[in-house]
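Inspection log for the structure reproduced underneath, given as structure tokens.
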Amino acid sequence: MNCFLTVFQKKNSIYILKYVLLCTVIVLFIEGIKVLLDFEEVISNKLEESFFNNLFWSCFGAVFFSPLVEETAFRLSLRRNVYFPASIIICLVFLLSSTYIYTQASCVLFILLILVNQYKKNFSHKLIEILLICFSVISFVLIHFDNYDKRELHSLNPFEIGLLFMPQFILCIILTKVRLETCFINSLIIHSLYNLIILTFALIFNY
């Protein structure tokens, strides 16, 4: 509640704007590197293919639904709270729907770490917190693998895969920092605004 009340305060608004701009600038820089290296995403993104077929619901999903689901799954439980079952349930959905075994394994470990973090007694607090953050980042990046065809994705070399998913990795690092520094609502707003900006660029350059 305290966090919600401070969201629209000037200082917090500037904080949010700063990180939205940071996310956007870094991702545009990465896209610039792709252009300089003449790197083309030779594999098809399932979400991009369906995006323009249903513009309204795609925009709604990208700006509102997707950030809420992903933030609840991977950032909400980075701090102990009574809503951690929501994180576990959504992670289970990602686990069961993924076709990649390493995504499934990462989600399982992340769920276990959430539970340990909630009820830790005989574990090192610092170690659990570090592992929780690491698997939050790893799981967040890996769930995006399912946006691509498995055979096409496996045809890429490690450098190309790293470049392809670098935006998700950078975004996750920044949102994790925001969540740990402030609160869940801030990371959710930043995620939504970032998606809105990227969505706007996509619409501009595809029409």
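The sequence shown runs contiguously to residue 206 in numbering that gives the first Met the number 0. By construction, the Cβ of each residue, glycine as well, lies at the ideal position given by its N, Cα and C atoms. Keep in mind the model is a prediction, meaning the values are calculated, not measured.
- The DSSP-derived three-state label of Y101 is helix.
- Three or more beta-carbon pairs separated by less than 8 Å are not found between the segment 152-163 and the segment 111-126, which leaves the two stretches without contact.
- Sequence-distant partners of L195 (beyond 5 residues in either direction) whose C-beta falls short of 6 Å from its own C-beta, in its chain, are V62.
- The segment 168-180 makes no contact with the segment 97-117, as fewer than three CB pairs between them are under 8 Å.
- Counting the other CB atoms within 10 Å of its CB gives F134 a total of 16 or more, which places it among the buried residues.
- Cα atoms of N80 and Q117: separation of roughly 8 Å, rounded to the nearest angstrom.
- Membership of C182 in any alpha helix (DSSP H) is not indicated, and neither H nor E is assigned to it by DSSP.
- Each of C58, I160, I197 and D148 was checked against the Cα of S97, and the nearest Cα belongs to D148.
- DSSP, read as helix, strand or coil, puts Y18 in helix.
- At a cut-off of 4 residues, the continuous stretches assigned as alpha helix (DSSP H) that sit fully inside the segment 127-157 are 149-153.
- Looking at V26, K10, F38 and G31, the one whose alpha-carbon comes closest to that of E159 is F38.
- For F93, the enclosing alpha helix (DSSP H) begins and ends at F83 to S96.
- Distances from the alpha-carbon of I132 to those of K119, I113 and P66 put I113 closest.
- Here N80 carries a coil assignment [DSSP, helix/strand/coil].
- Within the same chain, L198 come within 8 Å of C58 by CB-CB distance, once the 5 residues on both sides are set aside.
- In this structure, I184 and V6 form a Cβ contact; the two beta carbons are roughly 6 Å apart against a cut-off of 8 Å.
- Within the same chain, and ignoring the five residues on either side of I137 in sequence, the residues whose Cβ sits closer than 6 Å to its Cβ are S105.
- For S123, the three-state secondary structure derived from DSSP is coil.
- The Cβ-Cβ distance between T102 and L130 does not fall below 8 Å.
- With contacts defined as CB atoms closer than 8 Å, F139 and C171 qualify as a contacting pair.
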